[in-house]
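Residue numbers (this note's numbering), protein chains in the order written: chain A, 12 to 640; chain B, 12 to 640. Reading through the structure tokens given below for one structure.
There are 2 protein chains.
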Amino acid sequence: MNTCYWIWYFGDFELYHAMKQNFSRIERGYGWPAFWKSEGFRNRVAFRREYYLERETAFCVYSGAVGYVLAGDKKYPFGEKIVCGPGKIKISVHAGCIETFPSIYVKGEVIYSDGTWQVEDYGNPPVKAGYSRYFTDENQNPSCWDYSEDVYLPVSVEACGGGLLYEFETELTAVLEIKDKKGYRPLRVCCGESREEALDREHCYYSWIPDARTGRCPRCAVRYAFIPDCQEKELEVKAIHQYVDIPVKAQFCSSDGLVNQIWSVAEHTFKLCSGIFFIDGIKRDKWIWGGDAYQSFFVNQYLMSDRDINRRTLLALRGNDPMTTHINTILDYTLYWILSIKIHYEAYGDLPFIEQIYPKMQSLMAFCEGQRDEHGFLTGRQGDWIFIDWADLDKEGALCAVQMLYAECFRTMAVLCRRLGKDSAISDGYQEKYELLKKNINEFYWDSSKGAYIDSFASGKKHVTRHANIFAVLFDIADKGQKERIAENVLFNDGIARITTPYFKFYEMDALCKMGYLEEVLVRIREYWGGMLEQGAVTFWEEYDPDVPEEEQYDMYGDKFGKSLCHAWSASPIYLLARYFVGLEITDPVRGEYVVHPHLEYFDTLDCILPVGDKTVHIIWDGKELKII
Amino acid sequence: MNTCYWIWYFGDFELYHAMKQNFSRIERGYGWPAFWKSEGFRNRVAFRREYYLERETAFCVYSGAVGYVLAGDKKYPFGEKIVCGPGKIKISVHAGCIETFPSIYVKGEVIYSDGTWQVEDYGNPPVKAGYSRYFTDENQNPSCWDYSEDVYLPVSVEACGGGLLYEFETELTAVLEIKDKKGYRPLRVCCGESREEALDREHCYYSWIPDARTGRCPRCAVRYAFIPDCQEKELEVKAIHQYVDIPVKAQFCSSDGLVNQIWSVAEHTFKLCSGIFFIDGIKRDKWIWGGDAYQSFFVNQYLMSDRDINRRTLLALRGNDPMTTHINTILDYTLYWILSIKIHYEAYGDLPFIEQIYPKMQSLMAFCEGQRDEHGFLTGRQGDWIFIDWADLDKEGALCAVQMLYAECFRTMAVLCRRLGKDSAISDGYQEKYELLKKNINEFYWDSSKGAYIDSFASGKKHVTRHANIFAVLFDIADKGQKERIAENVLFNDGIARITTPYFKFYEMDALCKMGYLEEVLVRIREYWGGMLEQGAVTFWEEYDPDVPEEEQYDMYGDKFGKSLCHAWSASPIYLLARYFVGLEITDPVRGEYVVHPHLEYFDTLDCILPVGDKTVHIIWDGKELKII
């Protein structure tokens, strides 16, 4: 039996669920929908496919939309058995829906729905239908994600502050279920990522009154649950952890217990932040951010190697054409979208998907093309947010770091156009733009007296930060000699302001690894991530500063509990360890080809399984012999 | 107390309800959503307003969306009393919603929501908020239209065909409610616009099984209801007629009983087809068609003079920018949209609204600009539907009738740009394009030997139909001499194929009236509309051919009951009688200025009230003296 899939207009599923995700932020009683252009799905589409039937066959179409099936020249309602053939027959399914995206499920032995169907929205040429491996049953509804569930009971209950504090073994994304053995009372439950947050009735992010009928609270991040004004232990409390089941393919086991523990906590952190999409963290925003997602693509490649979450995240971020605003309103996040596709390609060689989104890659590049200054530097439009990092960058005029990302976009486009077999004039055009931009970056931003790239030339300040210099290493804007000078004058120069965010720390460590400073990186991993573990972290935090007193560790953005304690970008040790220490370089993910450059000098023993596309490789080092299976 | 309105992103309300309307077609058990690009509303918007408060004041924001209120720098949830002032304060309300358009209701003495608020969608510059006079209470939900209701009991019940046939006094758009005195049974109800349709269980458009709990059926067009397999008269049947309450301002009473009856039935027909939007008819499509709506704009002006339904219909038809397909997929319907605004302006002088939709007028014209051939004629893009009429037109190459509509669009744009006070270069540009196109039409399409405009010049066939020649009169493409030749060679030439659709018959009669052939028009009104009355019509039909045998009168589009028996475009006698016979020409609707050119020779007496913008004029002719009050 073939697998029938629910199908929809390519991208609609992701746009719909992305809105649900981006509108799910709740803060102390009010909703906070993401503050950027939120793109709608289509409301009226037609699905089409032609068949050459050898014999008579039957099928049935299911849909929650308004519409009908046209088989040949006869119309049928949804849910009715349709018999047709033998011979050539055109099937079209017309569907309209307002509240969600129209989707259909065609069930039959010969005639059934999958990604081979065409779908049109009456505004553009037909495209291939979208589908998901999670929606293959006619009783499902693609607007409702069926989460996998695990039930957790509290590991401790403690009477304190006039109520009861429940602790779970780790942080979860869970529906709390509270049952009062005496019958329903309108209790309040205060949730916290930390004990302190749960106990702070006023400042905790989430506090709920359980539903009277079910005793359940909305799904949210929770490790501690505090129920005030509740003396007796007459409650039954459980957490129903809801998650998207994406199997982890990697295993990391070394002779270094701390590093093993860092990997393990990073893995748990990353799994929690990998739902329908890559989100930043599970407590606060829960938004799909282009910059954060870009870093998740690196980790995914070496941990879960799941191409589907990449695809969903890419479609969610990019929205519809025409492109009228930057992704998440941030110019650099627009550029990371192209770079994310590069990582997606390197990880999975997923050309069919890249072919499908190629028009959106082109239109993104065209959107940026209109925002260049007289030197060809990308400056954005008035009011555009140029982020790069929370750091003291000289942002007057065109920013060097932005040009480096932009150059890498051109290089990526050139490479992918060649891979997709596009007209060579197209890839050559991108290649030329790449080379010209790279040349101009070196001409305008490289300061040979400082031996470093400056943030910006417009102000005349010649301000040097680590950011552009890190990108110069990562994207090969700098040549070998320049890289050596950058290492000396910037990366290992204490006079240059430190990177303070874990977000940019990833790029810095990636650059250090790329340049071979592995020992330095290992020290930092042990210090920084190890430091969080010492503080009792069960998931890695959005930010960690060992110098901050313990009672202020949860403070961020001027908010007492503003810091997210389970944040995707803090899972980056997985990538660094797998890519540079175990040294796995994937050379052909489709064929499962790879090269291993292991740095065994840091471990007495090592036993790792890492994914290579759909396959895995097992790397074993017993201190004497290296086995790769 | 000021009126607080529910507000939303300008146009969203109309796009949402238009989808509901266009997806409401049901045919013998299956849904048939309109087959054109259906445009979504926005999902994430921010409403903003700044106040200078003399003293402290309180307000509260209501919304079904996810979001919060930002007053100054403090955030509040919806539904909470907010106190602020005195002094300057910025209020912004953030709202996200997936299933419907986000809307808010701000209630307060000083701070309250109305059309003065700004709203933005994060993709375009802020615009003025949309609102409706029908939504002014915080307990309403702008996604649900609260219809006015009247209950109708059947005027007769008849046992026939093994069941019971209920007749209502006229055609309705009603929810049938069936109560079985013995308790609920799953009865089937077959509805019909005609007795024949209701009795035909197989071919009637609507047949329902009433809801078990309420005994109610979905809202649909119904004059007859047949309940098969039901012998006893143990049922209670009523029809709950649901309508949008738009008051009729006109009254027509002449000495000619037949004409009075035609007016009255046309009025009833038109009211039924004037709901949230102007729709074509109430049984079959129930879709918002640009060509049909254009004709409704003429009737509305002289019957209800309701500017709001025009506004709603214009916004619903046009959709969002960028424009990528023709309105209803039909090139000429795109052009009627601009011409509808012309009629809207002439009827209401509604410059504030026209200013709001001006960007969409501009982008529509730009969309068409890209579809002109080497002579500047509008030909559309490959696959575009060029309709004009169901008639044997020579459609090879650029079609004359299309160019005439297009020329009128340029003239309209020139006029409205001047009225809106746009830069004179803009209006001059449109004026020049108008003049050039008009010149070229006369050069390429006027055949002086035939004394008529030909359909097309590309084929060399020099085919003459009435259509372009009617437009030449209506839009003054023809000069006085040409018009006279058109009358002789086309309009009164039996050798030229007759107009067969009531749709185009309206343009023909309008042209005849414009040229002074009133007697001819009156004869045709009495024959054609009088003919339908003789057939027992209680509403006017989509089409009527006296030569068709009675048993085939309901047949259309190859469907036994395909003909709509209550069709908006058949209400045109109202416009013709008011505009040309009573002779009311509105010259300044804002000030209530008009000119009356009455043709009293056709009536012994006349007592008419007609709207002039928001005012009315009373015209009384007692056979001797004419009074205008």
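Backbone N, C-alpha and C define an ideal beta-carbon position, used for all residues, glycine too.
Residue i at chain B interface by Cβ criterion, 8 angstroms
i	result
His578(A)	no
Trp43(A)	yes
Lys31(A)	yes
Asn152(A)	no
Ile18(A)	no
Ile397(A)	no
Environment of residue i [buried if 16+ CB atoms lie within 10 Å]
i	result
Ile37(B)	buried
Phe24(A)	buried
Trp396(A)	exposed
Ile299(B)	buried
Lys635(B)	exposed
Gln546(A)	exposed
Asp361(B)	buried
His629(A)	exposed
Cys171(A)	exposed
Gln393(A)	exposed
Ile640(B)	exposed
C-beta neighbour in chain A for residue i, strict 8 angstroms
i	result
Lys48(B)	yes
Arg66(B)	no
His214(B)	no
Pro88(B)	yes
Tyr27(B)	yes
Gly107(B)	yes
C-beta contact flag for residue i and residue j at 8 angstroms
i	j	result
Phe146(B)	Val166(B)	no
Phe289(A)	Ala29(A)	no
Arg55(B)	Ser35(A)	no
His105(B)	Gly78(B)	yes
Phe378(A)	Ser351(A)	no
Leu544(B)	Gln253(B)	no
Thr550(A)	Cys524(A)	no
Tyr27(A)	Phe52(A)	yes
Ile536(A)	Pro609(A)	no
Gly203(A)	Tyr235(A)	yes
His478(B)	Ala412(B)	yes
Glu247(A)	Lys294(A)	no
Leu328(A)	Ile338(A)	yes
Cys71(B)	Gly40(B)	no
CB contact below 8 angstroms: residue i versus chain D
i	result
Glu110(A)	The structure shown contains no chain D; the protein chains it does contain are A and B.
Interface partners of residue i on chain B, CB under 8 angstroms
i	result
Gly51(A)	Gly51, Phe52, Arg53 and Asn54
Within chain B, partners of residue i - CB distance below 7 angstroms
i	result
Val77(A)	Phe34, Gly42 and Pro44
Exercise. If you measure beta-carbon to beta-carbon, which residues of the stretch 326-338 of chain A are closer than 9 angstroms to chain B?
Worked result: Pro333, Thr335 and Thr336
Problem set entry | Residues of the stretch 130-143 of chain A whose Cβ lies closer than 8 angstroms to any Cβ of chain B, in chain order | Asp132, Tyr133, Gly134 and Asn135
Problem set entry | Within 9 angstroms of chain B by C-beta, residues of the stretch 295-306 of chain A in sequence order | none
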